[in-house]
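Let me begin by presenting the structure, written as structure tokens, before commenting on it.
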Amino acid sequence: MPVRRVLAVLGWFAATAALCGAAGCQGEDGDAGSSEAMSATTGSSDASTGAGSTSDAGTSAATGTSTSTGGATTGASESDSGATSTDTDATGSDTDTDTTGGGEPARLWGRFESGGPISSCGMIKDDWSSDDGPLMRMSLDLCGDDMAALAETIADNLDAVEARGGRALLILNQGINLPAGWLAQCETYALDSGNFQGDLCVPWDPNYQASLAAALSDHVGPAVAGHPALAGVYFTISTMTNGAEMHFRVLRDDFTAFPDEEAFTASYLSVMDAYQAAFDVPILFEAGHCIFDLPQADEADVDCETPLALYRHARDNYGVESVGLGLWNCAERFFHGPDAVEDHVRPLLEEATADGASMGCQTVGNFSEQPCRFSDPAIGDYGELMGMGKDAVCIPAGDNDAEAACVDTLRWFSGAEAQSATSVMVQGSWLESWSADTDPVDGIIATSDACREAVDQFTQPAP
């Protein structure tokens, strides 16, 4: 067994023993069928489950100050409040983790596509158009209680990706998408957050922890071990509103099950141990948000420390090459300074950048149809969002809004150039594009040489 897996197994057993206590633990992998609520926007700056959804209240803006910094590539993406997106497809990567030379950590590179989910057990989804492969996303309860069937579905989809010469990222949405058998055995919490309504297991529950670890290590992990098409796996946990992103759109005072900060954070670290034990590829997590972050939340209740502790735990115990950060609200406007909506994640992004960790960008909207979702007075004017929900449209600012939004955003994420002198500077390595942008005929990547050049910053470096 690789050293990384030995460390992960030991860490998970230690954490599980502490969580089980007198109540004991059940080690079965659980079973249930259930809902696949994988859409909707709820609250502050995002609520999507893949790059083809969300909303945003973008505003017109004057072009910001461009700040050149040089460097590599990084990513981020999310949704905020306003227009819903229309693009849903898969994302992934044809690239492998590799070193960038000079003794730097190995990093995950690639130009993936984030689209619609695999929505039924046994379904093969093979409609991606990106350079390197798809983001394969599905609910943990896709096959009900049958974890073996879930593992087979994942392996079959990886085979399809490999057949096209690609690689994929994998995410198993949790939140309210847990097998019914798990819910029957754990302490539950009734989530009521916009379109996300349903029961979830509290993450410190010992039966939930044991069921998840068994599902990953006994079923999914063995089914994909050594698969050449698997580039990375996203960490998810039950307290994710949409099952995929770090935010938990609940006021801490309303989360009546909350134990204390130490136990809450420990549950995240234990789940990370379970993922590290099960897989031989980097474990990624969405890092563009903090927990309990709502517009009306008391600032002291917003938890940015747990994501930071999660990153440090993975880095210190398994190595920086074993962990990556994905920004699913990838747009410079969210991180341009103290007044930006998500700037409170700056300490995590800066620390991971300094460490040379892998970073991915799932853009907040697609550039081809929604460039205004990247507008901000501090960054640039790519059009103005008018209306709400499905009726929202972008009012153009000029003839090249889509190209400008693509180039500016991806050069910022790569670490090459920022539009604001106070933006957090990252060095991203992989990209998760919307299907509207990867469309081989009408997508901005195909129609704009400048956008294509910006996308290619995330190509796997030559050995």
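Per the working numbering: the sequence shown ends with 467, consecutive numbering throughout. We treat Cβ as the ideally placed atom computed from N, Cα and C, and that holds for glycine. Keep in mind that this is a model prediction, so the values were computed, not measured.
Next on the checklist: Give me the residue from Pro-400, Phe-378, Ile-449, Gln-374 with the minimum Cα distance to Lys-394.
Outcome noted: Residue 394 sits at position 390 when you count from the first residue of the sequence shown. Closest by alpha carbon: Gln-374.
Checklist entry - From which residue to which residue does the alpha helix (DSSP H) around Asn-321 run? => result Start at 1 with the first residue of the sequence shown, and residue 321 comes out as number 317. It spans 309-322 - the alpha helix (DSSP H) in which Asn-321 sits, taken as one unbroken run.
Checklist entry - Among all the DSSP beta bridges, which residues are the ones paired with Leu-234? => result On the sequence shown, position 230 is the one that residue 234 refers to. Answer by DSSP bridge pairing, in chain order: Ala-172.
Checklist entry - Among Leu-329, Glu-156, Glu-265, Leu-255, which one has its Cα closest to the Cα of Phe-239? => result Position 235 of the sequence shown, counting from 1, holds the residue named residue 239. Of Leu-329, Glu-156, Glu-265, Leu-255, the residue nearest in Cα terms is Leu-329.
Next on the checklist: Buried or exposed, going by whether 16 or more other CB atoms sit within 10 Å of the CB of Ser-118?
Outcome noted: Here residue 118 refers to the residue found at position 114 of the sequence shown. Buried, since its Cβ has 16 or more Cβ neighbours within 10 Å.
Checklist entry - Does the Cβ of Thr-101 have 16 or more other Cβ atoms within 10 Å, making it buried, or fewer, making it exposed? => result The residue labelled residue 101 in the question sits at position 97 within the sequence shown. With a pLDDT of 49 at Thr-101, under the threshold of 50, the modelled position of this residue cannot be trusted; read the value that follows with caution. Thr-101 is buried by the Cβ-count criterion.
Item to check | Endpoints, alpha helix (DSSP H) assigned at Val-275 | outcome: Here residue 275 refers to the residue found at position 271 of the sequence shown. Unbroken alpha helix (DSSP H) run through Val-275: 265-282.
Item to check | Which of helix, strand or coil DSSP assigns to Asp-380 | outcome: By 1-based counting over the sequence shown, the position of residue 380 is 376. Three-state result, Asp-380: strand.
Item to check | Phe-398 to Arg-337 span [Cα, whole Å] | outcome: On the sequence shown, position 394 is the one that residue 398 refers to. On the sequence shown, position 333 is the one that residue 337 refers to. Per the sequence shown, the amino acid found at residue 398 is Cys instead of Phe. Spanning the two alpha carbons is a distance of roughly 17 angstroms.
Checklist entry - Using the C-alpha atoms, what's the distance from Ala-281 back to Gly-185? => result Numbered from 1 along the sequence shown, position 181 holds the residue referred to as residue 185. Numbered from 1 along the sequence shown, position 277 holds the residue referred to as residue 281. Straight-line Cα distance between these residues: approximately 23 angstroms.
Checklist entry - Is His-223 closer than 8 angstroms to Ala-152 when the C-beta atoms are compared? => result Here the question's residue 152 lines up with position 148 in the sequence shown. Here the question's residue 223 lines up with position 219 in the sequence shown. For Ala-152 and His-223, yes; Cβs fall inside 8 angstroms.
Next on the checklist: I'd like to confirm the pairing. Which residues does DSSP put opposite Thr-192 in its beta bridges?
Outcome noted: Counting from 1 along the sequence shown, the entry for residue 192 is found at position 188. According to DSSP, which records beta bridges pairwise, Thr-192 is partnered with Cys-205.
Item to check | Exposure label - Thr-77; buried when at least 16 CB within 10 Å | outcome: What you label residue 77 is simply residue 73 of the sequence shown in a count that begins at 1. Only weak support is given to the placement of Thr-77: the predicted model assigns it a pLDDT of 32, under 50, and the value that follows is read from those uncertain coordinates. It counts as buried.
Checklist entry - Run through DSSP, which three-state label would Glu-373 get? => result Position 369 of the sequence shown holds residue 373. Residue state, collapsed to three classes: coil.
Checklist entry - Would DSSP call Gly-328 helix, strand or coil? => result The count along the sequence shown starts at 1 and reaches residue 328 at position 324. Three-state DSSP puts Gly-328 in a strand.
Item to check | alpha helix (DSSP H) runs wholly inside the region 100-157, at least 4 long, in chain order | outcome: Here no run is fully enclosed.
Item to check | Helix, strand or coil at Ala-401 [DSSP, three-state] | outcome: As a first step, residue 401 is located in the sequence shown; it is residue number 397 there, counting from the start. In this structure, Ala-401 counts as coil in the three-state DSSP scheme.
Item to check | Span separating the alpha-carbon of Arg-256 from that of Ala-172 | outcome: Within the sequence shown, residue 256 is the residue found at index 252, counting from 1. Within the sequence shown, residue 172 is the residue found at index 168, counting from 1. Going by the C-alpha atoms only, they are around 35 angstroms apart.
Checklist entry - Mapping DSSP to helix, strand and coil, what is Ser-215? => result Your numbering for residue 215 matches position 211 in the sequence shown. Per DSSP, reduced to three states, the secondary structure at Ser-215 is helical.
Checklist entry - Of the residues Gly-137, Cys-205, Arg-168, which one's Cα is nearest the Cα of Leu-144? => result Translated into positions along the sequence shown, residue 144 becomes position 140. Out of Gly-137, Cys-205, Arg-168, Cys-205 has the C-alpha closest to the C-alpha of Leu-144.
Checklist entry - With respect to the alpha helix (DSSP H) encompassing Leu-187, which residues constitute its N-terminal and C-terminal limits? => result Here residue 187 refers to the residue found at position 183 of the sequence shown. Its alpha helix (DSSP H) spans residues 184-187.
Checklist entry - Using a Cβ-Cβ cut-off of 6 angstroms (strictly less than) and excluding sequence neighbours within five positions of Asp-203, which residues of its own chain qualify? => result For the purposes of this step, residue 203 is taken as the residue at position 199 of the sequence shown. If we look at Asp-203 and ignore the five residues flanking it on each side, its Cβ neighbours are Leu-187, Thr-192, Ala-194.
Item to check | Reduced DSSP category for Thr-451 - H, G, I as helix; E, B as strand; rest coil | outcome: The residue you call residue 451 lines up with position 447 of the sequence shown. In the structure shown, Thr-451 sits in a helix (DSSP, three-state: H, G or I).
Next on the checklist: Taking only three categories from DSSP, how would you classify Ser-424?
Outcome noted: Counted from its first residue, the sequence shown places residue 424 at position 420. Three-state result, Ser-424: coil.
Checklist entry - Are Ala-409 and Phe-371 closer than 8 angstroms when you measure CB to CB? => result Taking the sequence shown and counting its residues from 1, the one referred to as residue 409 is at position 405. Taking the sequence shown and counting its residues from 1, the one referred to as residue 371 is at position 367. Cβ atoms of Ala-409 and Phe-371: closer than 8 angstroms.
Next on the checklist: Taking 8 angstroms as the threshold (C-beta atoms), are Leu-435 and Cys-376 in contact?
Outcome noted: Locating residue 376 in the sequence shown gives position 372, counting from the first residue. Locating residue 435 in the sequence shown gives position 431, counting from the first residue. Going by C-beta atoms, Cys-376 is not nearer than 8 angstroms to Leu-435.
Checklist entry - Are the beta-carbon atoms belonging to Gln-178 and Ile-122 less than 8 angstroms from one another? => result Mapped onto the sequence shown, residue 178 falls at position 174. Mapped onto the sequence shown, residue 122 falls at position 118. It is not a contact, given that the beta carbons lie outside the stated cut-off.
Next on the checklist: Using the three-state DSSP reduction, which class does Phe-462 fall into: helix, strand or coil?
Outcome noted: The residue you call residue 462 lines up with position 458 of the sequence shown. It is helical.
Checklist entry - Taking the C-alpha atoms as reference points, what is the distance between Ala-233 and Glu-309? => result Sequence index remark: in the sequence shown, residue 233 carries index 229 (1-based). Sequence index remark: in the sequence shown, residue 309 carries index 305 (1-based). About 33 angstroms.
Checklist entry - By how many angstroms is the C-alpha of Asn-333 removed from the C-alpha of Met-429? => result Start at 1 with the first residue of the sequence shown, and residue 429 comes out as number 425. Start at 1 with the first residue of the sequence shown, and residue 333 comes out as number 329. When rounded, the distance between both Cα atoms is 15 angstroms.
Checklist entry - Based on Cα-Cα distance, which residue from Ile-180, Gly-230, Ala-229, Asn-199 lies nearest to Tyr-212? => result Position 208 of the sequence shown, counted from the start, is the residue given in the question as residue 212. If we check each option's Cα against that of Tyr-212, Ile-180 comes out closest.
Checklist entry - Based on Cα-Cα distance, which residue from Arg-456, Pro-467, Pro-444, Asp-453 lies nearest to Asp-131? => result Position 127 of the sequence shown, counted from the start, is the residue given in the question as residue 131. If we check each option's Cα against that of Asp-131, Pro-444 comes out closest.
Next on the checklist: Looking at the secondary structure, which residues open and close the beta strand (DSSP E) in which Gly-388 lies?
Outcome noted: Locating residue 388 in the sequence shown gives position 384, counting from the first residue. The identity of residue 388 in the sequence shown is Glu, whereas the question assumes Gly. Boundaries of the beta strand (DSSP E) around Glu-388: 388-390.
Checklist entry - Would the beta-carbon of Gln-464 fall within 8 angstroms of that of Gly-169? => result Walking along the sequence shown from the start, residue 464 turns up at place 460. Walking along the sequence shown from the start, residue 169 turns up at place 165. Their beta carbons are not under 8 angstroms apart, which means Gln-464 does not touch Gly-169 by this criterion.
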